[in-house]
Every structure is written in C-alpha cells, then in structure tokens.
Amino acid sequence: MLGIKNTEWNERDALEFSIDQKLSTGIFYDQLDTSNTSTLYDEYCGTSESPIHKSRPLRNTCATILEYLETKYSPSEHTHDAYDVCKLLNYWVFNRLSEICVTNDTPTPKDAFKTLEEKWKKFINDNESKLNIKECKPDPNLFNYDDWKQRKELYDYYVDISPISMYLRNYTQDCDQYYKYIKYKKKIYDNFAKLCLNPKDSKCPSIFNNCQKHNPKDILPTLPCYSNRLEEEKATQDQASRAPAPLHTLANGGIPDSTASIGTKASNAFLGVVATSMTSGALYKVKKNFISTYKICNLINNLYISYL
1 MLGIKNTEWN ERDALEFSID QKLSTGIFYD QLDTSNTSTL YDEYCGTSES PIHKSRPLRN
61 TCATILEYLE TKYSPSEHTH DAYDVCKLLN YWVFNRLSEI CVTNDTPTPK DAFKTLEEKW
121 KKFINDNESK LNIKECKPDP NLFNYDDWKQ RKELYDYYVD ISPISMYLRN YTQDCDQYYK
181 YIKYKKKIYD NFAKLCLNPK DSKCPSIFNN CQKHNPKDIL PTLPCYSNRL EEEKATQDQA
241 SRAPAPLHTL ANGGIPDSTA SIGTKASNAF LGVVATSMTS GALYKVKKNF ISTYKICNLI
301 NNLYISYL
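Residues in the sequence shown are numbered from 1 upward in steps of one, following my numbering.
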C-alpha cells in the first residue's frame with residue numbers, strides 16, 4: 001500500500017496509486033509493463049539477437065503491442081466501451097519510447113514510433129480477417145503536442161474518475177490517498193481549463209469537455225477526509241510561516257557564523273572597524289586630519305594579525 005507523501009504527487013505517484021488501487025488505467029499499464037516478451041512476433045519485431053533498430057527494448061515494446069492486440073483486444077467486444085482503450089495503448093507506447101530512446105544508439109521517440117506504426121499496421125493488415133483488431137490503430141497525432149504527457153494524464157483521469165467517485169460514496173478507506181491523487185489531477189485539469197476557454201481552440205483536448213462534469217475542484221469537497229486534509233495543510237503552512245529565519249553571516253546580518261574560517265572572521269572584523277571609523281568620522285566631524293596613511297595601514301595590519 002502506498003504511503004502518503006508530504007510533498008505533492010507527480011506522474012509516478014499517480015501511476016503507482018492507480019496500480020495499487022486497481023484502477024482501470026493502473027491494471028492496463030501494469031499488464032503491459034509486466035507482460036512476457038513473446039517470440040511469436042519476431043517476423044514483425046525482429047529477434048532478441050537482431051531486433052528492429054538494433055534496439056532490444058524497442059523490439060520488446062513492438063512484441064508487447066502485437067501480443068496485446070491478439071490476446072487481449074481482439075477477443076473483447078468494444079462496441080460499448082466507456083473509453084478508448086486504443087488511445088491508452090498509444091499513450092503507453094509513446095511513454096515507453098520516451099524512456100528507452102535516450103541514447104545515441106537508438107532513434108528518437110517519434111522515429112521509433114514511425115517504425116512501430118509500420119509494424120503495427122502490417123500486423124493488422126495481415127490478420128484482420130481472423131482478428132478483431134482493425135479499429136485499434138497507431139495514432140501519431142496524439143504526440144503532435146509538447147504537452148502530450150499532460151494530455152495522457154488528463155485522459156487517465158477521465159477513464160478512472162467515475163469508478164473513483166462511485167467507490168468514495170460508499171467507502172472511506174484510503175481517502176487520504178484519493179485526496180492526493182485528485183489534487184494532483186486538479187493541477188493538470190486547471191491548466192487545460194485555461195487552454196480551453198475557447199473550446200474550438202485546436203490545442204484544447206477533445207476529451208476536456210467530457211471531463212468538465214468531473215471537475216476535481218467539485219469532487220475534492222465531497223471526500224470524507226476533505227476537512228481533515230485542509231486542517232493538516234493549514235497547520236503545515238502555519239508551522240512553516242512561524243519557522244525562525246536562517247542565521248546570516250556578520251557581513252549580511254551582524255551575526256557571526258561559527259563555521260566561518262579565521263580569515264573570514266578577520267576580514268569581517270576589518271570591515272566592522274572600517275565601518276565604525278567612517279561612522280564616527282561622520283558623526284563627530286573630526287577636524288584634525290593629521291593621522292597619516294601609514295598609521296592607518298599599520299592599525300589595520302595589527303588588527304588582522306591579532307585575529308590570526
């Protein structure tokens with residue numbers, strides 16, 4: 001079971017939570033991540049010894065896609081699906097490619113996706129007569145946006161939020177974790193809400209309109225632990241505001257730093273003497289300027305030596 005972190009959640013936390021709570025996206029991504037790589041698709045993806053693009057991780061990703069299409073997607077009926085599982089598959093593929101295509105020996109994620117797109121389409125064409133997979137196609141348009149990961153997170157939220165809402169009506173277990181999850185998704189939702197002020201804007205995700213009835217801002221107050229979480233957050237903020245200010249060095253705030261070197265202390269003392277001398281001269285306007293430059297330098301040298 002995941003523990004609640006004091007810091008705000010990120011993408012990895014949300015994924016681990018969805019797996020732990022057996023949410024639809026968590027089950028889906030975990031099955032793909034942990035699937036055994038089959039040799040049945042070497043014709044399309046290459047072998048372990050001679051993989052496509054000379055990349056074994058890319059070959060394994062290719063085989064995972066084709067195995068999913070044949071063993072998971074094809075046997076299922078998708079007429080009344082609540083969400084587009086093929087969009088999840090595309091997001092999983094590109095996310096995987098962004099993790100493995102990071103060296104000079106492998107192509108960029110977009111180049112790698114083009115290669116997988118060819119293998120994916122060929123597999124569909126070769127098997128559409130016996131497998132129900134022709135509708136589950138690669139969709140490179142999903143990745144025309146620099147914020148595609150945020151769009152993935154928004155789509156994941158759309159897929160999971162209805163079951164979450166139903167669960168929280170009857171159960172309070174793990175409420176703190178659901179609070180953290182929805183609060184994390186709220187940041188993503190709010191960013192797209194600004195982008196979608198004009199719903200016709202081409203940059204506004206098509207799924208955003210469907211997410212509006214599940215606005216995280218409206219869902220958070222319905223959680224049974226909402227009030228407690230707000231109190232805890234306020235207490236944390238109050239404690240942080242009452243924390244003492246950090247100590248500064250003598251030059252900055254007049255408080256000596258115990259860890260400063262002897263040379264630093266001597267320099268600080270010298271600056272203090274000079275500052276005091278200048279202030280005293282200004283206040284009392286000493287008229288007698290008979291102190292020679294030699295005597296001043298001698299005084300400074302003596303002060304410095306006394307601190308060594």
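Where is the CB? At the ideal position from N, CA and C, for every residue including glycine.
Item                                                                                                                                                     : Value
With DSSP as the reference, please indicate the residues paired to leucine 26 in a beta bridge.                                                          : At residue 26 the sequence reads glycine, which differs from the leucine that was named. According to DSSP, which records beta bridges pairwise, glycine 26 is partnered with nothing at all.
Report the CB separation of aspartate 160 from serine 18 in whole angstroms; it is logged as a contact under 8 Å.                                        : 6 Å
With DSSP collapsed to three states, give me the class of proline 326.                                                                                   : Because residue 326 is not part of the residues shown, which for the chain are 1 to 308, the question remains open.
Beta-carbon within less than 6 Å of asparagine 191's beta-carbon, same chain only, minus the 5 sequence neighbours each way: which residues are those?   : none
Identify the continuous alpha helix (DSSP H) that holds leucine 66 and give its terminal residues.                                                       : 56-68
Distance, Cα to Cα, tryptophan 9 vs phenylalanine 123?                                                                                                   : 38 Å
Which residue marks the beginning of the alpha helix (DSSP H) containing proline 51, and which one marks its end?                                        : Where proline 51 is concerned, there is no enclosing alpha helix (DSSP H), given that its DSSP letter is neither H nor E.
The alpha helix (DSSP H) spanning cysteine 175 covers which residue range?                                                                               : 175-195
What does the Cβ neighbour count give for lysine 185, buried or exposed, with the cut at 16 atoms within 10 Å?                                           : buried
Can you say whether glutamine 21 is buried or exposed, counting buried as having 16 or more other CB atoms within 10 angstroms of its CB?                : buried
Span of the alpha helix (DSSP H) holding phenylalanine 208?                                                                                              : 208-211
Provide the residue span of the alpha helix (DSSP H) that contains asparagine 90, from first to last.                                                    : 85-100
Evaluate contact between the stretch 208-221 and the stretch 145-161, counting only Cβ atoms and requiring at least three cross-stretch pairs below 8 Å. : yes
May I ask whether a heavy atom of the ligand SAH can be found less than 8 Å away from the beta carbon of threonine 71?                                   : Looking at this structure, you won't find the ligand SAH or any other ligand, since it has none at all.
Taking the alpha helix (DSSP H) that asparagine 144 belongs to, which residues open and close that run?                                                  : It is not in any alpha helix (DSSP H) - asparagine 144 carries neither H nor E in the DSSP assignment.
Comparing alpha-carbon positions, which option in Tyr179, Asp238, Glu99, Ile164 lies nearest serine 24?                                                  : Ile164
Could you say which of Lys72, Pro216, Cys62 lies nearest to isoleucine 100 if we only look at CA atoms?                                                  : Cys62
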